[in-house]
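Numbering (my numbering), first residue to last: 3 to 108.
For every residue, glycine included, the Cβ atom is placed at its ideal position computed from N, Cα and C.
If you're wondering where the values come from, they're calculated on a predicted model, not measured in any experiment.
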Amino acid sequence: MKILLDESIPHDLRHSFADHTAVTVTYMGWAGKENGDLLDHAEASFDVLLTVDRGLPFPQNIANRKIAVIVLIVRDNQLETLERLLPEVEAALTAIKPGEVLHVGG
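Quick look at the structure:
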């Protein structure tokens with residue numbers, strides 16, 4: 003599965019997905035894009051967008067997209083905090099389908 007890590011996710015988290023390919027928004031040259039524009043670009047090449055932006059899915063009508071979104075519900079976006087959620091993220095990755103939004107953590 004190809005995962006796109008949103009700008010709010012530390013770059014080093016990309017190394018935590020042994021069975022998947024994870025790339026950052028910055029690496030793709032998409033830093034600063036508005037959410038809708040980012041999703042337009044991402045759905046052509048990625049299966050899942052991983053973000054901590056709880057507001058991202060709501061105005062975007064994800065159900066009509068070819069990409070899925072996993073929103074991490076955390077108190078901060080520090081690498082150590084996000085790494086604690088990796089087992090839940092892995093489970094979400096096996097279950098999620100295009101057009102779905104799953105919330106992990108909280």
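>> Cutting at 6 Å between CB atoms, please list the residues of its own chain near residue 94, excluding the five before and the five after it.
In response: Cβ within range, chain order: 72, 104 and 106.
> In terms of residue numbering, what span does the beta strand (DSSP E) encompassing residue 57 cover?
Replying inline: DSSP places residue 57 outside any beta strand (DSSP E), giving it a letter other than H or E.
> Taking just the CA atoms, how far does residue 100 sit from residue 50?
Replying inline: If you draw a straight line from the Cα of residue 50 to the Cα of residue 100, it is about 8 Å long.
> Do you know offhand how far residue 125's Cα is from residue 34's?
Replying inline: With the chain represented from 3 up to 108, any question about residue 125 goes unanswered, as that position is not in the structure.
>> Starting from residue 87, trace the alpha helix (DSSP H) in both directions and tell me its first and last residue.
In response: In the DSSP annotation of this structure, residue 87 is not part of any alpha helix (DSSP H), being labelled neither H nor E.
> Helix or strand or just coil, what does DSSP make of residue 105?
Replying inline: In the structure shown, residue 105 sits in a strand (DSSP, three-state: E or B).
> Looking at the structure shown, is residue 20 part of a helix, part of a strand, or coil, going by DSSP?
Replying inline: If DSSP states are grouped into helix, strand and coil, residue 20 belongs with coil.
> Expressed to the nearest angstrom, what Euclidean distance is found between the alpha-carbon atoms of residue 118 and residue 75?
Replying inline: Because the chain in this structure spans residues 3 to 108, residue 118 falls outside the shown range and cannot be described.
> By DSSP, does residue 73 sit in helix, in strand, or in coil?
Replying inline: Strand at residue 73.
> What do you reckon, are the CB atoms on residue 15 and residue 84 nearer than 8 Å?
Replying inline: Yes, they are a contact pair.
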